[in-house]
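> Chains as they are written, first to last, in this note's numbering: chain A, 6 to 285; chain B, 6 to 285.
There are 2 protein chains.
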Amino acid sequence: MTTTKIGIIGLGLMGGSLSIALQQTSKDFYFIGLDHNEKHCTQALALGLVDEVVLNLDEIQHCDIIFLTIPVDGIIAMSKELNALHEKCTVIDMGSTKEKISQSIPSDIRANFVTAHPMTGTEKFGPAAAVPDLYKDKVVVLCDMEKSGVYQQNVVKDLFSSIGMTLVFMDAKEHDRHAAFISHMPHALSYSLANAVMKQEAAESIIALAGGGFKDMGRIAKSSPNMWEDIFRQNKTNVLEAISVFQSELKKCKKMVENEEWNNLNNWMEEANKLHDILD
Amino acid sequence: MTTTKIGIIGLGLMGGSLSIALQQTSKDFYFIGLDHNEKHCTQALALGLVDEVVLNLDEIQHCDIIFLTIPVDGIIAMSKELNALHEKCTVIDMGSTKEKISQSIPSDIRANFVTAHPMTGTEKFGPAAAVPDLYKDKVVVLCDMEKSGVYQQNVVKDLFSSIGMTLVFMDAKEHDRHAAFISHMPHALSYSLANAVMKQEAAESIIALAGGGFKDMGRIAKSSPNMWEDIFRQNKTNVLEAISVFQSELKKCKKMVENEEWNNLNNWMEEANKLHDILD
């Protein structure tokens, strides 16, 4: 078997974990990394996440497969600079929003592109945060696949399946609405919760009492502001809608407590319990 | 050493896990259980959580230590029925709200009582959910301790320390406000999130995309409606205040997205990141 050259643009949690996962499936990959953060490059090399680091796009465009594991605004900017791709090159972007990306890819390389969103991550970032099982048994949403070349579609399906992911196909517009509810709005809640508690007079005494419930609810408030600024910008309309829907549920809850409608509150909580019949 | 008789009223997650933890510290405990749910009694016996199950309060009042691990409304009702306690009997209630309980305990047995809130739990309930490490390395808040007898204070401090808990002392009023922010309001958020997502047209497709972030945020929406109805009732004022504070943070977040104030949003998220300097 010949070596497959894999370019990873963005040597953070997602790109690094991807390299570890792929290395576990085959020894025939050669990883070339690119990152504007010099420290991340050094770390990624030291951790064995890449075989080589390059300094500009020209040196990575000849790869067989190129992953864009950078924030969503960066993906759009980068897609406009990729212009020397060979016919069988597959570019996979892993941004958390998909519609604007899918629309922004220049038409001459649209067939090379596959827009994917792996529904996984942790609140940590940087190459040192990379872990082997980040993708295993997780869902990856593949968007607007009819716009990708048939060759590229197959490359991507094989690749994500090989690291244990479940493939879900969706159009980018639908994806962005779903992602707003299942991921983006919950991040807004976690950030709001963290700020609400920290603004209290006795914040440190309050936080000292945190049990598992609060820690879970506050965990994703540790996520990267730069990454999430991009996501909120690119998925603005859906995020605002999802926040509004959440707000009316919370308002309803508050009203039931205010008016002491305990039976209604109990039924409403029982409804919420049902989430876990679907989730588990 | 003589045997210490421990009564557990409420054979669920909290009471059951307590028995396991105490059994690991000494073989000189004898556990007597009481629960209106017959199935829980049978399970608790089968799981070795109690040595004996009794059917009424008379048969448990002679214990050296009595734990009330039942919902908060039940604790208040039960405290009025405990009337034949010997001088050295220690009654420990483990309810999630403390002010109303602390005020409701009949004065003739107030010295016997210690009102405690272990900041731990899982979304599961019933004796089968009991686990050995539920209390280990967790905080227990001991409220209004000056109202308990000195003997009882020492019993409780030794007991919770022996199972690896960190003791925090607080007056009940302060506890209830803190608990509203760190535990009760976050439960309202989780229930609201679950209902917001489940009401969407494509709910099942949305939930199929759930990653770790959403699972964390939705986990406590699995909690018992009966238990949480009680907590929201007993801590109504504080819960409403905490929800209001959260609502203004979320409103602020929404406005920044709406008005595309990306720098402000980024700074606000950076503020939220700081929670983890305190929490971790």
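Where is the CB? At the ideal position from N, CA and C, for every residue including glycine. What you are looking at is a predicted structure, and each value in this text was computed from that prediction instead of being measured.
1. Would you mind working out which of A:82, A:114, A:105 sits nearest residue 89 of chain A, comparing C-alpha positions?
2. The beta strand (DSSP E) with residue 148 of chain A in it runs from where to where?
3. DSSP three-state call for residue 39 of chain B: helix, strand or coil?
4. Cβ closer than 8 Å: which chain A residues qualify as neighbours of residue 212 of chain B?
5. May I have a chain-ordered list of the alpha helix (DSSP H) segments no shorter than 4 residues that lie completely inside the stretch 86-159 of chain A?
6. Name, please, each residue of chain A whose Cβ falls closer than 7 Å to the Cβ of residue 262 of chain B.
7. May I ask which residues mark the beginning and end of the beta strand (DSSP E) holding residue 14 of chain B?
8. Consider the Cβ of residue 224 of chain A: report whether some Cβ of chain B lies at a distance smaller than 8 Å.
9. By a C-beta neighbour count over all protein chains shown, 10 Å radius and 16 as the cutoff for buried, is residue 239 of chain A buried or exposed?
10. Mind checking who residue 34 of chain B pairs with in its DSSP beta bridge?
11. Compute the Euclidean distance between the alpha carbons of residue 18 of chain B and residue 188 of chain B, then round it to the nearest angstrom.
12. Sort A:96, A:120, A:250, A:131 by Cα distance to residue 43 of chain A and report the nearest one.
13. Give, in chain order, every residue of the stretch 123-154 of chain B whose Cβ lies closer than 9 Å to some Cβ of chain A.
14. Whose C-alpha, out of B:202, B:39, B:161, is nearest the C-alpha of residue 251 of chain A?
15. Out of B:278, B:209, B:259, which one is the CA nearest neighbour of residue 200 of chain A?
16. I think residue 71 of chain B touches residue 94 of chain B, with their Cβ atoms under 8 Å apart; what is that distance to the nearest whole Å?
17. Are the beta-carbon atoms of residue 149 of chain A and residue 176 of chain A separated by less than 8 Å?
18. Beta-carbon within less than 6 Å of residue 55 of chain A's beta-carbon, same chain only, minus the 5 sequence neighbours each way: which residues are those?
19. I want to know whether the stretch 151-160 of chain B touches the stretch 52-68 of chain B - three or more CB-CB distances under 8 Å.
20. Is the Cβ of residue 42 of chain B closer than 8 Å to any Cβ of chain A?
21. Kindly indicate which three-state DSSP category residue 52 of chain A falls into: helix, strand or coil?
22. Under a CB-based cut-off of 8 Å, is residue 269 of chain B close to chain A?
23. Short check: CB of residue 186 of chain A to CB of residue 211 of chain B, under 8 Å?
24. Would you list the residues sitting across from residue 47 of chain B in a DSSP beta bridge?
25. At 3 residues or longer, what runs of the beta strand (DSSP E) sit wholly inside the stretch 208-232 of chain B?
26. Should residue 224 of chain B and residue 128 of chain B be called a contact, given that it needs their Cβ atoms to be closer than 8 Å?
27. Who does residue 72 of chain A pair with in a DSSP beta bridge?
28. Can you tell me where the alpha helix (DSSP H) with residue 274 of chain A in it begins and where it stops?
29. Can you find a C-beta in chain B that's less than 8 Å from the C-beta of residue 72 of chain A?
30. What residues are listed by DSSP as bridge partners for residue 173 of chain A?
31. Rounded to whole angstroms, what's the CA-CA distance from residue 76 of chain B to residue 196 of chain A? Just pull it up for me.
32. Show which residues of chain B have a CB atom less than 7 Å away from the CB atom of residue 227 of chain A.
33. Could you check the C-alpha separation between residue 170 of chain B and residue 9 of chain B for me, to the nearest Å?
34. Please classify residue 191 of chain B as buried or exposed, where buried requires at least 16 other C-beta atoms within 10 Å of its C-beta.
35. Could you give the distance in angstroms between the alpha-carbon of residue 204 of chain A and the alpha-carbon of residue 160 of chain B?
36. What's the call for residue 275 of chain B, buried or exposed, on a 16-neighbour Cβ count within 10 Å?
Straight from the coordinates:
1. Position 84 of the first sequence, counting from 1, holds the residue named residue 89 of chain A. Closest by alpha carbon: A:114.
2. Reading the first sequence from its first residue, position 143 is the one you call residue 148 of chain A. Looking at the DSSP string, the run of the beta strand (DSSP E) that includes residue 148 of chain A is 144-148.
3. Along the second sequence, one-based indexing puts residue 39 of chain B at 34. In the structure shown, residue 39 of chain B sits in a strand (DSSP, three-state: E or B).
4. To locate residue 212 of chain B, count along the second sequence from 1; it is residue 207. Those within 8 Å of residue 212 of chain B in chain A are 187, 280, 283, 284.
5. 104-109
6. As a working note, residue 262 of chain B is residue 257 in the second sequence. Chain A residues near residue 262 of chain B: 237, 241, 244, 245.
7. As a working mapping, residue 14 of chain B is identified with position 9 in the second sequence. Per DSSP, residue 14 of chain B belongs to the beta strand (DSSP E) from 9-14.
8. As a working note, residue 224 of chain A is residue 219 in the first sequence. By this cut-off, residue 224 of chain A is an interface position.
9. Counting from one through the first sequence, the residue named residue 239 of chain A turns up at place 234. By the neighbour-count rule (16 or more Cβ atoms within 10 Å), residue 239 of chain A is buried.
10. For this step, residue 34 of chain B is matched to residue 29 along the second sequence. BP columns for residue 34 of chain B point to B:9.
11. Taking the first residue of the second sequence as 1, we reach residue 18 of chain B at position 13. Taking the first residue of the second sequence as 1, we reach residue 188 of chain B at position 183. Looking at the two C-alpha atoms, the distance is approximately 17 Å.
12. By 1-based counting over the first sequence, the position of residue 43 of chain A is 38. The shortest Cα separation from residue 43 of chain A among A:96, A:120, A:250, A:131 belongs to A:131.
13. 123, 124, 125, 126, 127, 128, 143, 144, 146
14. Mapped onto the first sequence, residue 251 of chain A falls at position 246. Minimum Cα distance to residue 251 of chain A is reached at B:202.
15. Position 195 of the first sequence, counted from the first residue, corresponds to residue 200 of chain A. Ranking B:278, B:209, B:259 by Cα distance to residue 200 of chain A puts B:278 first.
16. The residue given as residue 71 of chain B occupies position 66 in the second sequence. The residue given as residue 94 of chain B occupies position 89 in the second sequence. The pair is a contact, with the Cβ atoms about 7 Å apart (cut-off 8 Å).
17. What you label residue 149 of chain A is simply residue 144 of the first sequence in a count that begins at 1. What you label residue 176 of chain A is simply residue 171 of the first sequence in a count that begins at 1. Yes, Cβ-Cβ distance for residue 149 of chain A and residue 176 of chain A is below 8 Å.
18. Looking up residue 55 of chain A in the first sequence gives position 50. Counting only Cβ-Cβ distances below 6 Å, and skipping sequence neighbours, we find 36, 38, 49.
19. no
20. Taking the second sequence and counting its residues from 1, the one referred to as residue 42 of chain B is at position 37. No, residue 42 of chain B does not count as interfacial toward chain A.
21. Walking along the first sequence from the start, residue 52 of chain A turns up at place 47. Reduced to three states, the DSSP call for residue 52 of chain A is coil.
22. As a working note, residue 269 of chain B is residue 264 in the second sequence. Among the CB atoms of chain A, none fall inside 8 Å of the CB of residue 269 of chain B.
23. By 1-based counting over the first sequence, the position of residue 186 of chain A is 181. By 1-based counting over the second sequence, the position of residue 211 of chain B is 206. Yes, the pair counts as a contact, with Cβ atoms nearer than the cut-off.
24. Counting from one through the second sequence, the residue named residue 47 of chain B turns up at place 42. In DSSP, residue 47 of chain B forms no bridge with anything.
25. none
26. If you number the second sequence from 1, residue 224 of chain B lands on position 219. If you number the second sequence from 1, residue 128 of chain B lands on position 123. Cβ atoms of residue 224 of chain B and residue 128 of chain B: closer than 8 Å.
27. Within the first sequence, numbered from 1, the residue matching residue 72 of chain A stands at position 67. Looking at the DSSP assignment, residue 72 of chain A forms a beta bridge with A:13, A:97.
28. Working through the first sequence from its first residue, we reach residue 274 of chain A at position 269. It spans 267-278 - the alpha helix (DSSP H) in which residue 274 of chain A sits, taken as one unbroken run.
29. Sequence index remark: in the first sequence, residue 72 of chain A carries index 67 (1-based). No, its Cβ sits nowhere closer than 8 Å to a Cβ of chain B.
30. Within the first sequence, residue 173 of chain A is the residue found at index 168, counting from 1. Paired residue(s): A:146.
31. As a first step, residue 76 of chain B is located in the second sequence; it is residue number 71 there, counting from the start. As a first step, residue 196 of chain A is located in the first sequence; it is residue number 191 there, counting from the start. If you take the alpha carbons of residue 76 of chain B and residue 196 of chain A, they lie about 31 Å apart.
32. For the purposes of this step, residue 227 of chain A is taken as residue 222 along the first sequence, with counting starting at 1. Per Cβ cutoff of 7 Å: 278, 281.
33. Within the second sequence, the letter at position 165 stands for residue 170 of chain B. Within the second sequence, the letter at position 4 stands for residue 9 of chain B. Cα to Cα, the separation comes out at about 20 Å.
34. The sequence position of residue 191 of chain B within the second sequence is 186, counting from 1. With 16 or more other Cβ atoms within 10 Å, it is buried.
35. For the purposes of this step, residue 204 of chain A is taken as residue 199 along the first sequence, with counting starting at 1. For the purposes of this step, residue 160 of chain B is taken as residue 155 along the second sequence, with counting starting at 1. Residue 204 of chain A and residue 160 of chain B: Cα-Cα distance of roughly 37 Å.
36. Numbered from its first residue, the second sequence carries residue 275 of chain B at position 270. When all chains shown are included, residue 275 of chain B counts as exposed.
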